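Asker: Quick mapping for you: the protein sequence lines, in order, are chains A and B. My numbering numbers the first residue of the first sequence as 711 and each following residue consecutively. My numbering numbers the first residue of the second sequence as 1448 and each following residue consecutively.
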Amino acid sequence: MLTYIARRLLFLPVVLIGVTLLIFLAMSFLTPAQLVSAYIKSPEELKNQSIQELVAKYGLDQPVWKRYFSWMRNVLKGDLGYSVSANMYVSEAIARRFPATLELALFAVIPVVMGGIWLGTVSAKHHNRPLDHASRIFAIVGWSLPDFVFGLIILLVFYGLLRWFPPGRLSVWADNVILSGNFVQYTGMNTIDALFNGRFDIFLDALRHLVAPTITLAYLWWAYILRITRSSMLDIFGKDYVRTARAKGLMEKLVVKRHVRRNALIPVATVVGSMILGLLGGVVIVETVFDYKGIGLLIAKGAERMDYTLILGTSLFYGVLLVVTNLIVDILYAVIDPRVRLE
Amino acid sequence: MIIKKLIRNRISLIGLVILLGFILVAILAPVLAPIPDELLALDPNRDPYRIPRYGFSSTPKPPSPEHPMGLTEGQLDIYHGIVWGTRTAFKVGLIVVSVSCAIGIVVGSVSAYIGGKFDELVMRFVDIFMSFPFLIAAIVITSVLGKGLGNVMIAMILFRWTGYARLIRGNVLQVKQDEYVMAARAAGLSHIKILLRHILPNTIFPVIIQASMNMGSIVVTAASLSFLGLGAQEGYADWGQMISYARNWILGSPGNPLAYWYTVVYPGMAIVLFVLAWNLIGDAFRDIMDPKLQG
């Protein structure tokens, strides 16, 4: 087990360097003049110096490998450049917006995993019967609804028609309380902060704003998890040890719970990595539709204004985040399924 | 045989019928939505993908006999956009899928055939590409290359080939040690011939099916980028862009939340049906290819 983790950890820097190289490669499509904004320390610099001077100052006319090292030095210091569209440093923008996105993703993951596994189990137990067909249609429709279409429909119904779940992160009054100074922001995640501050009204308001984007984000992945749980359970139902369990007279409920589902969840655990990848990508669209101020909306706004400093910085952040998450998922997977370690 | 099974399966038959409908719309686009005569008179070389504009007000207008699906933001004809958007969807999907699949097949099969350290290196390279969410990666590349449908396609190809490379690599590794490959090698065939004549014909089929089933998701990603304002240019027939036009009107006017329903419902339906058709066929395919699920 330890050797497996050690092997994976040893490999981590290689992948991380690869990720930075890829982003750097993307940057090399830009001209030195365009790149200046990725290097400057404050907007004042642009006023006092010409672009040519800045290009020379930051060594943008230097050979590629030298540029890579000086860029990496900045990145390691946490300096990702100045974003024109967000009007602040990229690192600052990420630090401010990330808790919101994390909150949304966490709220989506739990219903997705629980709901998906449950639906998949139901579907497999009723293989080729009406319930199975119904969940299958649910899954295919979910898989086919682009998130921006589905999100707009949710917005239309639950806000336009019913007025239940407004867009944004908080109502104006709650926002004022948070900014008032009497409210301590421990994590940046409104629901958790509200509970720590003992403000139940703000907690409910934050929750109310989370429902619609969560549903949008979750629906597509429900379908995915359902599908994988179903086929993996059907696979296990045919195994000898399941027949043995049934033959010894075990109740069907216990057969499913103890023997089938536990083993069927192993392939489900593998897709969690790609699900996190998908959730964090999907967040761009969902946050745009619901005007939810997280990293996704930051990227979308930056992309619209061609703010590549911001886009490159946030995608580097994303890349590193995902590499690390995937590593954790893989290690957890090896804990669940000993066969992986022996490979 | 597979076609027969697809037709027998009721779900996939629906998918095939919808898809056939879209193909017909795409082929018949010049007949279904010709460029209006008055615009053709002004500019005989007008690009049919440019949606005709009927006025200057930004507020959408509901369906009428002249404009069966109404006019969206900027008085663009929704019907014209949907019909020509079908061509855009097929164009984007076919180009991205075929080019990225070709790159993936070449890289993946060569990597697996050579094997050893080289294969290890290529696969780590693939891992790095795959560590970015597809949509984010596409945004990054489009933003450094510049906006536009062509750049969107390049961005998607750059980050899509890796999946196919991984898939074909697994297949090639499996058959690489088979007797018939050994026999071909013993007979003194060149590596290229062995790869082209003996290995690829036995490994390529599932990859091509998988790739064609990705048409739906490719079109959705392209539409997402247009929705974010990175894709097609203003007024170009593209479903994603038409939905982004609808965004400002989705909540209707005061007292009438459904006032502008047609701006989102028609383009939304077009894209959902398109993806649904591919997924229905793909779903049936998966069952046909996976004998474990039969019975």
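Here a beta-carbon is modelled for each residue, glycine too, at the ideal position from N, C-alpha and C. Keep in mind it's a predicted model, so treat the numbers as computed, not measured.
Could you give the first and the last residue of the continuous alpha helix (DSSP H) run that contains B:I1498?
Answerer: Locating residue 1498 of chain B in the second sequence gives position 51, counting from the first residue. It is not in any alpha helix (DSSP H) - B:I1498 carries neither H nor E in the DSSP assignment.
Asker: Along the region 1657-1675 of chain B, where does the CB come closer than 8 Å to a CB of chain A? Name the residues.
Answerer: G1663, V1667, A1670, S1671, F1674 and L1675
Asker: Are A:T897 and A:L917 close, meaning C-beta to C-beta below 8 Å?
Answerer: Taking the first residue of the first sequence as position 1, residue 897 of chain A is located at position 187. Taking the first residue of the first sequence as position 1, residue 917 of chain A is located at position 207. It is not a contact, given that the beta carbons lie outside the stated cut-off.
Asker: With 8 Å set as the bound, which would you pick, yes or no: does the beta-carbon of A:M943 sit closer than that to a beta-carbon of chain B?
Answerer: Residue mapping note: residue 943 of chain A aligns to position 233 of the first sequence, counting from 1. At least 8 Å separates the CB of A:M943 from every CB of chain B.
Asker: Which residues of the region 1574-1588 of chain B have a Cβ closer than 8 Å to any Cβ of chain A? Give them in chain order.
Answerer: D1574, I1575, F1576, S1578, F1579, P1580, F1581, L1582, I1583, A1584, I1586, V1587 and I1588
Asker: Quick one, are the C-beta atoms of B:W1696 and B:Y1683 less than 8 Å apart?
Answerer: Position 249 of the second sequence, counting from 1, holds the residue named residue 1696 of chain B. Position 236 of the second sequence, counting from 1, holds the residue named residue 1683 of chain B. Result no, Cβ atoms of B:W1696 and B:Y1683 do not sit closer than 8 Å.
Asker: Does A:H969 pass the burial test, meaning 16 or more other C-beta atoms within 10 Å, or should it be called exposed?
Answerer: In the first sequence, the residue the question calls residue 969 of chain A occupies position 259. Answer is buried; the Cβ neighbour count reaches 16.
Asker: Going along chain A, which residues have a C-beta under 7 Å from B:S1590?
Answerer: As a position in the second sequence, residue 1590 of chain B is number 143, starting the count at 1. Going along chain A in sequence order, the residues near B:S1590 (Cβ under 7 Å) are A1013, M1016, Y1018 and I1021.
Asker: Ignore the nearest five residues each way along the sequence and tell me which others in B:Y1611's own chain have a CB closer than 7 Å to its CB.
Answerer: Translated into the one-based positions of the second sequence, residue 1611 of chain B becomes position 164. Once the five neighbours on either side are set aside, the close Cβ partners of B:Y1611 are S1547, C1548, G1551, I1552, G1555, V1654 and A1658.
Asker: Are the C-beta atoms of B:S1459 and some chain A residue less than 8 Å apart?
Answerer: Against the second sequence, residue 1459 of chain B aligns to sequence position 12. No, its Cβ sits nowhere closer than 8 Å to a Cβ of chain A.
Asker: Counting only beta-carbon atoms, is A:N973 nearer than 8 Å to chain B?
Answerer: Sequence index remark: in the first sequence, residue 973 of chain A carries index 263 (1-based). Cβ-Cβ to chain B under 8 Å: no for A:N973.
Asker: Apart from the five residues just before and just after A:V729, which ones in its own chain have a Cβ nearer than 8 Å to its Cβ?
Answerer: Against the first sequence, residue 729 of chain A aligns to sequence position 19. So the list reads L1026, G1029, V1030 and V1033, once near-sequence residues are dropped.
Asker: What would DSSP say about B:K1508, mapped onto helix, strand or coil?
Answerer: As a position in the second sequence, residue 1508 of chain B is number 61, starting the count at 1. Correct three-state label for B:K1508: strand.
Asker: On the DSSP letters alone, give me the boundaries of the alpha helix (DSSP H) that B:Y1611 sits inside.
Answerer: Start at 1 with the first residue of the second sequence, and residue 1611 of chain B comes out as number 164. That run of the alpha helix (DSSP H) goes L1596 to K1623.
Asker: Roughly how many whole angstroms lie between the Cα atoms of A:D794 and A:D1017?
Answerer: For the purposes of this step, residue 794 of chain A is taken as residue 84 along the first sequence, with counting starting at 1. For the purposes of this step, residue 1017 of chain A is taken as residue 307 along the first sequence, with counting starting at 1. The residue you asked about is not Asp; residue 794 of chain A is Val in the sequence shown. One C-alpha to the other measures close to 7 Å.
Asker: Could you compute how far the alpha carbon of A:A1013 sits from the alpha carbon of B:L1592?
Answerer: Position 303 of the first sequence, counted from the first residue, corresponds to residue 1013 of chain A. Position 145 of the second sequence, counted from the first residue, corresponds to residue 1592 of chain B. Near 12 Å, if we compare the C-alpha coordinates of B:L1592 and A:A1013.
Asker: To the nearest angstrom, how far is the alpha carbon of B:A1669 from that of B:M1600?
Answerer: As a first step, residue 1669 of chain B must be located in the second sequence, where it is residue number 222. As a first step, residue 1600 of chain B must be located in the second sequence, where it is residue number 153. Here the C-alpha atom of B:A1669 lies approximately 8 Å from the C-alpha atom of B:M1600.
Asker: Within 10 angstroms of its Cβ, does A:H843 collect 16 or more other Cβ (buried), or is it exposed?
Answerer: For the purposes of this step, residue 843 of chain A is taken as residue 133 along the first sequence, with counting starting at 1. The residue in question, A:H843, is exposed, as its Cβ has fewer than 16 Cβ neighbours within 10 Å.
Asker: Interface residues of chain A around B:N1726 at Cβ under 7 Å?
Answerer: By one-based count along the second sequence, residue 1726 of chain B stands at place 279. Going along chain A in sequence order, the residues near B:N1726 (Cβ under 7 Å) are I850, W853 and S854.
Asker: Using the Cβ count rule (16 or more neighbours within 10 Å means buried), how would you classify B:N1661?
Answerer: Position 214 of the second sequence, counted from the start, is the residue given in the question as residue 1661 of chain B. Its Cβ being crowded by 16 or more others within 10 Å, B:N1661 is buried.
Asker: Would you mind stating whether B:G1678 and B:F1721 have Cβ atoms separated by less than 8 Å?
Answerer: For the purposes of this step, residue 1678 of chain B is taken as the residue at position 231 of the second sequence. For the purposes of this step, residue 1721 of chain B is taken as the residue at position 274 of the second sequence. No; because the gap between Cβ atoms is not below 8 Å, this pair is not in contact.
Asker: Could you tell me which residues DSSP pairs with B:D1524 in its beta bridges?
Answerer: Against the second sequence, residue 1524 of chain B aligns to sequence position 77. B:L1518.
Asker: Report the three-state DSSP secondary structure of A:Y792 (helix, strand or coil).
Answerer: Residue numbering aside, residue 792 of chain A sits at position 82 when the first sequence is read from its first letter. It is a strand residue.
Asker: Less than 8 Å between the C-beta atoms of A:T998 and A:G1006, yes or no?
Answerer: In the first sequence, counting from the first residue as 1, residue 998 of chain A sits at position 288. In the first sequence, counting from the first residue as 1, residue 1006 of chain A sits at position 296. Result yes, Cβ atoms of A:T998 and A:G1006 sit closer than 8 Å.
Asker: In the structure shown, what three-state DSSP assignment does B:N1661 receive?
Answerer: What you label residue 1661 of chain B is simply residue 214 of the second sequence in a count that begins at 1. DSSP, reduced to helix, strand and coil, places B:N1661 outside both helices and strands of the structure shown, so it counts as coil.
Asker: Following the continuous alpha helix (DSSP H) through A:H843, name the residue where it begins and the one where it ends.
Answerer: Here residue 843 of chain A refers to the residue found at position 133 of the first sequence. Per DSSP, A:H843 belongs to the alpha helix (DSSP H) from P840 to S854.
Asker: Going by Cα to Cα distance, which pick from A:A933, A:Y714 and A:G1023 is closest to A:W853?
Answerer: Position 143 of the first sequence, counted from the first residue, corresponds to residue 853 of chain A. Nearest option by C-alpha distance: A:A933.
Asker: A:M798 bridges to which residues according to DSSP?
Answerer: Looking up residue 798 of chain A in the first sequence gives position 88. Answer by DSSP bridge pairing, in chain order: A:S793.
Asker: By the DSSP assignment, the alpha helix (DSSP H) with B:Q1688 in it spans what residues?
Answerer: Along the second sequence, read from residue 1 onward, the residue named residue 1688 of chain B stands at position 241. Counting along the chain, the alpha helix (DSSP H) containing B:Q1688 begins and ends at W1686 to A1693.
Asker: Less than 8 Å between the beta carbons of A:G1004 and A:R807, yes or no?
Answerer: Counting from 1 along the first sequence, the entry for residue 1004 of chain A is found at position 294. Counting from 1 along the first sequence, the entry for residue 807 of chain A is found at position 97. Cβ atoms of A:G1004 and A:R807: closer than 8 Å.
Asker: For B:F1652, count the other beta carbons within 10 Å of its own beta carbon; 16 or more makes it buried, fewer makes it exposed. Which is it?
Answerer: Counted from its first residue, the second sequence places residue 1652 of chain B at position 205. With fewer than 16 other Cβ atoms within 10 Å, it is exposed.
Asker: Identify, in the order they occur along the chain, each residue of the same chain with its Cβ nearer than 7 Å to the Cβ of A:V965, setting aside the five sequence neighbours on each side.
Answerer: Taking the first residue of the first sequence as 1, we reach residue 965 of chain A at position 255. Here the set comprises V952, A955 and R956.
Asker: What does the Cβ neighbour count give for A:S845, buried or exposed, with the cut at 16 atoms within 10 Å?
Answerer: What you label residue 845 of chain A is simply residue 135 of the first sequence in a count that begins at 1. Burial call: buried.
Asker: Using a cut-off of 8 Å between C-beta atoms, extract the partners of B:I1646 located in chain A.
Answerer: The count along the second sequence starts at 1 and reaches residue 1646 of chain B at position 199. Within chain A, no residue comes near B:I1646; the closest Cβ sits about 24 Å away, beyond 8 Å.
Asker: When DSSP builds the beta bridges, which residues end up paired with B:S1700?
Answerer: Within the second sequence, numbered from 1, the residue matching residue 1700 of chain B stands at position 253. According to DSSP, B:S1700 bridges with B:N1703.
Asker: Name, please, each residue of chain B whose Cβ falls closer than 8 Å to the Cβ of A:S1025.
Answerer: By 1-based counting over the first sequence, the position of residue 1025 of chain A is 315. Within chain B, the residues near A:S1025 are F1579, I1583, A1584, I1586 and V1587.
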